[in-house]
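Undergrad:
In our numbering, the protein residues as written are 88 to 485.
#1: Can you give the Cα-Cα distance for residue 184 and residue 194, rounded to whole angstroms?
#2: Can you tell me where the alpha helix (DSSP H) holding residue 406 begins and where it ends?
#3: Quick one: Cα of residue 306 to Cα of residue 300, how far?
#4: Taking residue 451 as the reference, which of 208, 318, 221, 108 has the closest Cα?
#5: Near residue 126, which residues of its chain fall below 7 Å by C-beta distance, leaving aside the five closest residues on each side in sequence?
#6: Along the alpha helix (DSSP H) that carries residue 326, what are the first and last residues, could you check?
#7: Whole-angstrom Cβ separation of residue 347 and residue 218, contact assumed at under 8 Å?
#8: Spatial neighbours of residue 327 within its chain, please: CB distance less than 6 Å, with the 5 preceding and 5 following residues excluded, ordered by chain position.
#9: Does DSSP put residue 415 in a helix, in a strand, or in coil?
#10: Taking the alpha-carbon positions, what's the residue 104 to residue 112 distance?
#11: With DSSP as the reference, label residue 349 as helix, strand or coil.
#12: DSSP three-state label for residue 368, please.
#13: If you pair each beta-carbon of the segment 343–359 with each one of the segment 170–184, do three or more pairs fall below 8 Å?
#14: Is it true that the CB of residue 433 sits closer than 7 Å to the CB of residue 445?
#15: Under three-state DSSP, which class holds residue 285?
#16: Would you call the CB atoms of residue 279 and residue 143 closer than 7 Å?
#17: To the nearest angstrom, report how far apart residue 473 and residue 324 are at their CA atoms.
#18: So is residue 108 buried or exposed if we call it buried at 16+ other beta carbons inside 10 Å?
#19: So, using beta-carbon positions, are residue 442 and residue 458 closer together than 7 Å?
#20: Verify whether the separation of the beta carbon atoms of residue 369 and residue 426 is less than 7 Å.
#21: Mind reading off the beta-carbon distance from residue 364 to residue 331? Whole number of angstroms is fine, and I expect it under 8 Å.
#22: Determine the contact status of residue 283 and residue 175, defining contact as a CB-CB distance below 7 Å.
#23: Let me know if residue 336 comes out buried or exposed under the rule of 16 or more other beta-carbons within 10 Å of its beta-carbon.
#24: Relative to the alpha-carbon of residue 140, which residue among 379, 339, 296, 271 has its alpha-carbon at the smallest distance?
#25: Alpha carbon to alpha carbon, what distance is there between residue 381 and residue 403?
#26: At the level of alpha carbons, what is the spacing between residue 361 and residue 338?
#27: Taking just the CA atoms, how far does residue 399 sit from residue 421?
#28: Measuring only the C-alpha atoms, how far is residue 197 from residue 137?
#29: When DSSP labels each residue in this structure, what does residue 422 get in the three-state scheme?
#30: In the DSSP assignment, find the unbroken alpha helix (DSSP H) run with residue 156 in it and report its ends.
#31: On the criterion of 16 or more Cβ atoms from any shown chain inside 10 Å, does residue 351 qualify as buried, or is it exposed?
What follows is the structure in structure tokens.
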């Protein structure tokens, strides 16, 4: 029996692999509903691990900073493991203090503010209608024109009341989701402790796996890609979270210092929290948070709404030109155009999470593309210089 040569064996093996992939692809496509359900169930089960990874990722930066500053110049008494344990202990103590503060003080105030807003909404809507009518009379705007454009205020009130009455089932679903979220958060918190405590061992295991299954060239590329991704995501997420906290605090302090109406006081914490959370989204975040907060204050008092707009413009000016560049720096490496492109693209595919995480994801792709482009240009330049050198040798005969 004649033996097959190596090229023939390679072709047969290639066709077998391709045929297997095609069969598996058709099998998955014809059973897509089953696989999607199984994937959704799997993601639901391992969600606490994603939460734990997120907590560990955010806390890793502060832990490294604390660890690097512990007992500087006095390493004889404290080894690396002891310093890491103490740094992790301090980091989680600070995290729990902030989390407890938010749960015990900020969250109840937010719930109270929302309750007051819902109870007083018809009154606020009537006050807003009177304010708009007063402005229309002052500037000579026809009420019929506004009525045709916006519809009658009575219809708006009926629709809003119906919306609030239908919100009870959604509140029940939110309560159920909140219970699941608290459970995932607790498990994720435990997972994050294991991740940070054994991060050095996990990194060594990843490197060992790459060494076993990849060539040295591909291993180095993977490690470099991981380093770029970590640096970019860590700089962006940590910077945006810190910046959001600063903006929220500045908003709360500013509203207390400005001559706002006393009727706005129950909503100071709620508004500051909304401004802080939405400020995580670059460019569009201030508008996403500022517009509804302005409408809330506008329903209470017109002058207070004007003062609030002035405050937000002032805070965003200081944040965009002083605070954010100091915190985030050039960790993203994208121009304003590409940041907007990443936000729109990520938001279009994945909604609000896509608007946030689309920026560092696109930044990683952008940096990798820049590295590859620069290498290809350098290679072309080297080839061009080599050809020029060869032509010079032929011409001169040297």
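Virtual Cβ for every residue (Gly too), placed ideally from N, Cα, C. For clarity, every value in this text was computed on a predicted model and none was experimentally measured.
TA: This is what the structure gives:
#1: Here residue 184 refers to the residue found at position 97 of the chain shown. Here residue 194 refers to the residue found at position 107 of the chain shown. Whole-angstrom Cα-Cα distance: 14 Å.
#2: Within the chain shown, numbered from 1, the residue matching residue 406 stands at position 319. From DSSP, residue 406 is part of no alpha helix (DSSP H); its letter is neither H nor E.
#3: Working through the chain shown from its first residue, we reach residue 306 at position 219. Working through the chain shown from its first residue, we reach residue 300 at position 213. Inter-residue distance for residue 306 and residue 300 is about 9 Å (C-alpha atoms, whole angstroms).
#4: The residue labelled residue 451 in the question sits at position 364 within the chain shown. Of 208, 318, 221, 108, the residue nearest in Cα terms is 318.
#5: Taking the first residue of the chain shown as 1, we reach residue 126 at position 39. The answer is none, since no qualifying residue turns up.
#6: Residue 326 sits at position 239 when you count from the first residue of the chain shown. Run containing residue 326: 303–344, per the alpha helix (DSSP H) assignment.
#7: What you label residue 347 is simply residue 260 of the chain shown in a count that begins at 1. What you label residue 218 is simply residue 131 of the chain shown in a count that begins at 1. No, residue 347 and residue 218 are not in contact; Cβ-Cβ is about 16 Å, not under 8 Å.
#8: The residue given as residue 327 occupies position 240 in the chain shown. Excluding residues within five positions, the ones whose Cβ falls inside 6 Å are 367.
#9: Looking up residue 415 in the chain shown gives position 328. Coil, per DSSP.
#10: For the purposes of this step, residue 104 is identified with residue 17 of the chain shown, where counting begins at 1. For the purposes of this step, residue 112 is identified with residue 25 of the chain shown, where counting begins at 1. Spanning the two alpha carbons is a distance of roughly 12 Å.
#11: Residue numbering aside, residue 349 sits at position 262 when the chain shown is read from its first letter. Helix, per DSSP.
#12: Against the chain shown, residue 368 aligns to sequence position 281. Residue 368 falls in the coil class under three-state DSSP.
#13: Judged by Cβ distances under 8 Å, the segment 343–359 makes no contact with the segment 170–184, as fewer than three pairs qualify.
#14: Working through the chain shown from its first residue, we reach residue 445 at position 358. Working through the chain shown from its first residue, we reach residue 433 at position 346. Closer than 7 Å, so yes.
#15: Walking along the chain shown from the start, residue 285 turns up at place 198. Correct three-state label for residue 285: coil.
#16: Against the chain shown, residue 279 aligns to sequence position 192. Against the chain shown, residue 143 aligns to sequence position 56. In contact: residue 279 and residue 143 (Cβ atoms closer than 7 Å).
#17: Translated into the one-based positions of the chain shown, residue 473 becomes position 386. Translated into the one-based positions of the chain shown, residue 324 becomes position 237. Their backbone Cα atoms lie some 45 Å apart in a straight line.
#18: By one-based count along the chain shown, residue 108 stands at place 21. Classification for residue 108: exposed.
#19: The residue given as residue 442 occupies position 355 in the chain shown. The residue given as residue 458 occupies position 371 in the chain shown. No, they are not a contact pair.
#20: The residue you call residue 369 lines up with position 282 of the chain shown. The residue you call residue 426 lines up with position 339 of the chain shown. Their beta carbons are under 7 Å apart, which means residue 369 touches residue 426 by this criterion.
#21: Taking the chain shown and counting its residues from 1, the one referred to as residue 364 is at position 277. Taking the chain shown and counting its residues from 1, the one referred to as residue 331 is at position 244. Yes, they are in contact, since the Cβ atoms of residue 364 and residue 331 sit about 7 Å apart, within 8 Å.
#22: Looking up residue 283 in the chain shown gives position 196. Looking up residue 175 in the chain shown gives position 88. Yes. Within cutoff.
#23: Here the question's residue 336 lines up with position 249 in the chain shown. Residue 336 comes out exposed.
#24: What you label residue 140 is simply residue 53 of the chain shown in a count that begins at 1. Of the listed residues, the one whose Cα sits closest to residue 140 is 271.
#25: If you number the chain shown from 1, residue 403 lands on position 316. If you number the chain shown from 1, residue 381 lands on position 294. A straight line joining the alpha-carbon of residue 403 with that of residue 381 spans about 15 Å.
#26: Locating residue 361 in the chain shown gives position 274, where the first residue counts as 1. Locating residue 338 in the chain shown gives position 251, where the first residue counts as 1. C-alpha separation (whole angstroms): 10 Å.
#27: The residue given as residue 421 occupies position 334 in the chain shown. The residue given as residue 399 occupies position 312 in the chain shown. Taking the straight line from one Cα to the other gives about 25 Å.
#28: Along the chain shown, one-based indexing puts residue 197 at 110. Along the chain shown, one-based indexing puts residue 137 at 50. Whole-angstrom Cα-Cα distance: 27 Å.
#29: Counting from 1 along the chain shown, the entry for residue 422 is found at position 335. Coil.
#30: Position 69 of the chain shown holds residue 156. Neither: residue 156 is in no alpha helix (DSSP H) and is coded neither H nor E.
#31: What you label residue 351 is simply residue 264 of the chain shown in a count that begins at 1. It is buried - the Cβ of residue 351 has at least 16 other Cβ atoms within 10 Å.
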